[in-house]
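A.B. asks: If you read the protein sequences in the order shown, they are chains A and B. Just so we're aligned, residue 52 is where the first sequence starts under our numbering, counting upward by one. Just so we're aligned, residue 52 is where the second sequence starts under our numbering, counting upward by one.
Number of protein chains: 2
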Amino acid sequence: MQDLPGMIERRTTADAVFEHLHKEITSLALPPGTKLSELEVARRFEVSRQPVREAFSRLSNLELVLVRPQKATVVRGFSRERVAQSRFVRLAVELEAVQQACNSWTPGKAKTLQKNLDEQRDALTSHPERFHDLDSQFHTLICELGGCPRAISAIAECRQKIDHLCSLSLARKSEAETLYEDHLELAQALKDKSHEKAIAIARLHLSRLDSVIDQVHQSHTEYFEE
Amino acid sequence: MQDLPGMIERRTTADAVFEHLHKEITSLALPPGTKLSELEVARRFEVSRQPVREAFSRLSNLELVLVRPQKATVVRGFSRERVAQSRFVRLAVELEAVQQACNSWTPGKAKTLQKNLDEQRDALTSHPERFHDLDSQFHTLICELGGCPRAISAIAECRQKIDHLCSLSLARKSEAETLYEDHLELAQALKDKSHEKAIAIARLHLSRLDSVIDQVHQSHTEYFEE
DNA sequence: GGTGGTATTCTAACATACCAGTTGTGCCGG
DNA sequence: CCGGCACAACTGGTATGTTAGAATACCACC
Chain A
52 MQDLPGMIER RTTADAVFEH LHKEITSLAL PPGTKLSELE VARRFEVSRQ PVREAFSRLS
112 NLELVLVRPQ KATVVRGFSR ERVAQSRFVR LAVELEAVQQ ACNSWTPGKA KTLQKNLDEQ
172 RDALTSHPER FHDLDSQFHT LICELGGCPR AISAIAECRQ KIDHLCSLSL ARKSEAETLY
232 EDHLELAQAL KDKSHEKAIA IARLHLSRLD SVIDQVHQSH TEYFEE
Chain B
52 MQDLPGMIER RTTADAVFEH LHKEITSLAL PPGTKLSELE VARRFEVSRQ PVREAFSRLS
112 NLELVLVRPQ KATVVRGFSR ERVAQSRFVR LAVELEAVQQ ACNSWTPGKA KTLQKNLDEQ
172 RDALTSHPER FHDLDSQFHT LICELGGCPR AISAIAECRQ KIDHLCSLSL ARKSEAETLY
232 EDHLELAQAL KDKSHEKAIA IARLHLSRLD SVIDQVHQSH TEYFEE
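Right under this line is the structure:
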C-alpha cells in the first residue's frame, strides 16, 4: 500500500522563499559576498523568519550560502576547487556514458541525435540563446539513447554548478561554435563506434571549460573564495 | 583578507541531533519505515522542536528520511534505483581514477599500496572487522597516489549509500577474500601500467556489489521502497 | 592622539505557541 | 451489525518571543 498519489507535495512558504533566493543567487542578482539576514529577507517576502531559516538551510546544503552563526549568512562565491571537482565527476560520468553509447549505437539513434545537431546549427545563427539548452539536450540524448539514463541526473547535477559560473563568461558566441563542432565529431565517432575517438573528443570537449573558468576567474576574481 | 580562522564552526544542538539520528539510521537501529515525530524526538533529546526540524531537513537532503507534511516523517528504505545510481557514478569515477593512476604509477607508489595490501591480508584472518576500512583506504590510495585526489570524496559519497545497504549483508567473510584478490590483481595491473586490465578488473570488482545487493534485496525486501 | 573597556546592536540559534491539514477512532443512526 | 460522520489526537508548517555570541562604535582614560 504505497502513497503513490499521496505524494502530491504541498507548496510551502519555505519552498517559495528557497526557489526565489536560489534563482537570485544562481542568476547572480545576489552576487557572492552579499549578506543575507533572516529578518531582512523575511520582511522582503513578508513572511516570518522560520521559512527563511528553512530556505537558508537548504541553500547551505547546496553550498550556495554560508551560514555563520551569530555573524551573518553570506552568498558563497565560486571555488576553483569545487568547480574542478564537479568537472572531474562530470568527465568521468560522461566518458562512461559515451563508451556505453558506443557499444549500443544504431543508425536510428544516430538519426535522433542528428535532429538535435541540426537544431544546434540553426540556433547558432538564429537563436543563440537556445544553444545552451540544446547542448544540454545533446548530452542527455547520448546518455538516454546510449543506455545510460542514470548518467543524466549525475551530469545535470555537475552542470548546474559549472553553469552558474559560466553565466559570467563573455564570448559565448565563438565558444558555441567550437562546442558545436565537438558535438559533430562526437556524433561521428559514435556512428563509427570508435571508442578511442569518442573518448578523446569527450575529454577535449570538457577541457574547453577550463579556459572559460580561467577567464572568469581573472575577470571576476572578487567572486571567488580563494 | 580572508576569514581563514573565522571558519571555526560552532557545534550546535541541531548538529548533535542530526549526527545522532544519522548514526541511528545508517546503523539500522532505526530501520526503514520507522516513523519519526518531531515532538517525540525533541522530547527524547530534551530539546525543542526547532533543532529537530533542522536535523530532519538535513536527513531529508541525504534522502535518509521522507518528510510528509501533516502526516509523518519516516525513515526511507533502500531503493534499487538509488543504489544503482550511486554504483554507476562510483564506477565511472573509479575507472577514471584508475586510468590516471595507470599513467603516473611508480615503484614507490606501488610499494605504498603494497603496504595496505599486506594489512588487508592480515586483516582477513586476524581482524575481519578492519577489512572494510582497509578496503576503503585501498581505493583512496589509488586516487591519491594516482593524481586524482578529487575522486576520493566523490567515491566516498557513493560508498556511503551503498555501505548503508551492505551492512545488511551476511557472508562478508568469503566476499572479503574475493575483494582482496581483486585488489591484488588491480595492484598488479597498475604496476604493469596495463590500462585494459586495470579497467576490466575495476569493472569486475564493482560488479561484485550487484550480487550482494540482490541478496540483500531478497532477504530484506521489507526494507526496500520498490 | 592612541588604547582599553564597555555598551549597543547586529546576527543566528533556540524555545514556545498557534495553525491547518490528516488520520484514526468511536459513537450514532439506520 | 454495518456505514458514515464527527470529533479528538496526532502531524508538520508557521509566527513570534527569547537567548547568547560576535562585531562595532563610542567614550573614558592614559
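C-beta atoms are modelled at their ideal positions from N, C-alpha and C, and glycine is treated no differently.
Taking Cβ to Cβ, would you say A:Leu-164 is nearer than 7 Å to A:Ala-238?
C.D. replies: In this structure, A:Ala-238 lies closer than 7 Å to A:Leu-164 by Cβ.
A.B. asks: On the criterion of 16 or more Cβ atoms from any shown chain inside 10 Å, does A:Arg-91 qualify as buried, or is it exposed?
C.D. replies: Looking at the sequence itself, residue 91 of chain A is Glu, so the reference to Arg does not match. Result: exposed.
A.B. asks: B:Thr-85 lies in the beta strand (DSSP E); which residues open and close that run?
C.D. replies: Where B:Thr-85 is concerned, there is no enclosing beta strand (DSSP E), given that its DSSP letter is neither H nor E.
A.B. asks: Exposed or buried, A:Lys-157, counting other C-beta atoms within 10 Å across all chains shown (16 or more means buried)?
C.D. replies: Correcting the residue type first, residue 157 of chain A is Thr in the shown sequence and not Lys. Per the 10 Å Cβ criterion, exposed.
A.B. asks: By the criterion of Cβ-Cβ separation under 9 Å, what are the contact partners of B:Phe-139 in chain A?
C.D. replies: Val-144, Glu-147, Cys-199, Arg-201, Ala-202 and Ala-205, listed in chain order.
A.B. asks: What is the residue span of the alpha helix (DSSP H) that B:Arg-109 lies within?
C.D. replies: B:Arg-109 -> alpha helix (DSSP H) spans 100–112.
A.B. asks: To the nearest angstrom, report how far apart B:Gln-121 and B:Glu-75 are at their CA atoms.
C.D. replies: Computed Cα separation, rounded: 24 Å.
A.B. asks: Which first and last residues belong to the beta strand (DSSP E) in which B:Leu-117 is found?
C.D. replies: Where B:Leu-117 is concerned, the enclosing beta strand (DSSP E) stretches over 116–119.
A.B. asks: Does the beta carbon of A:Pro-83 come closer than 7 Å to any beta carbon on chain B?
C.D. replies: No - not a single Cβ of chain B is within 7 Å of the one on A:Pro-83.
A.B. asks: Here's the rule: buried if 16 or more other CB atoms are within 10 angstroms of the residue's CB, otherwise exposed. What is A:Gln-171?
C.D. replies: Result: buried.
A.B. asks: Could one say the Cβ of A:Pro-102 lies closer than 7 Å to chain B's Cβ atoms, at least one of them?
C.D. replies: Taking Cβ atoms only, chain B never reaches closer than 7 Å to A:Pro-102, which makes this a no.
A.B. asks: Here's the rule I'm using: 16 or more other beta-carbon atoms within 10 Å means buried, otherwise exposed. How should A:His-256 be labelled?
C.D. replies: With 16 or more Cβ atoms within 10 Å of its Cβ, A:His-256 is classed as buried.
A.B. asks: Could you name the residues of the same chain whose beta carbon sits closer than 6 Å to that of B:Glu-105, not counting the 5 residues immediately before and after it, in chain order?
C.D. replies: Closer than 6 Å at Cβ, skipping near neighbours: Ala-65.
A.B. asks: DSSP on A:Ala-123, reduced to helix/strand/coil?
C.D. replies: Correct three-state label for A:Ala-123: strand.
A.B. asks: Is the distance from the Cβ of A:Phe-96 to the Cβ of A:Val-126 below 7 Å?
C.D. replies: Their beta carbons are not under 7 Å apart, which means A:Phe-96 does not touch A:Val-126 by this criterion.
A.B. asks: Quick one: list the residues of chain B neighbouring A:Glu-89, beta-carbon separation under 9 Å, in chain order.
C.D. replies: Those do not exist, as A:Glu-89 stays about 13 Å from chain B at its closest Cβ, beyond 9 Å.
A.B. asks: Does the count of Cβ pairs from the region 189–204 of chain B and the region 131–144 of chain A closer than 8 Å reach three?
C.D. replies: Verdict: yes, contact present.
A.B. asks: Thinking C-beta only, is B:Gln-150 closer than 7 Å to B:His-246?
C.D. replies: Contact: yes.
A.B. asks: Which residues in the same chain have their Cβ closer than 8 Å to the Cβ of A:Ile-250, if we skip the five residues on either side of it in sequence?
C.D. replies: Excluding residues within five positions, the ones whose Cβ falls inside 8 Å are Leu-146, Val-149 and Gln-150.
A.B. asks: Determine, using beta carbons only, whether A:Glu-276 and A:Gly-84 come nearer to each other than 7 Å.
C.D. replies: No, these two residues do not count as a Cβ contact at 7 Å.
A.B. asks: Starting from the beta carbon of A:Ser-108, find every residue of chain B whose beta carbon is closer than 8 Å, and list them in chain order.
C.D. replies: Correct list: Glu-105, Ser-108 and Arg-109.
A.B. asks: Taking the alpha carbon of B:Asp-261 as the point to measure from, which residue in B:Thr-124, B:Leu-87 and B:Ala-135 has its own alpha carbon closest?
C.D. replies: It is B:Ala-135.
A.B. asks: Can you say whether B:Gln-53 is buried or exposed, counting buried as having 16 or more other CB atoms within 10 angstroms of its CB?
C.D. replies: In this predicted model, B:Gln-53 has a pLDDT of only 39, less than 50, meaning its place in the structure is not dependable; the value taken from the coordinates is given anyway. Exposed, since its Cβ has fewer than 16 Cβ neighbours within 10 Å.
A.B. asks: Applying a beta-carbon distance threshold of less than 7 Å, which residues of chain A neighbour B:Arg-61?
C.D. replies: Going along chain A in sequence order, the residues near B:Arg-61 (Cβ under 7 Å) are Pro-120.
A.B. asks: By a C-beta neighbour count over all protein chains shown, 10 Å radius and 16 as the cutoff for buried, is A:His-178 buried or exposed?
C.D. replies: Exposed: under 16 other Cβ atoms inside 10 Å.
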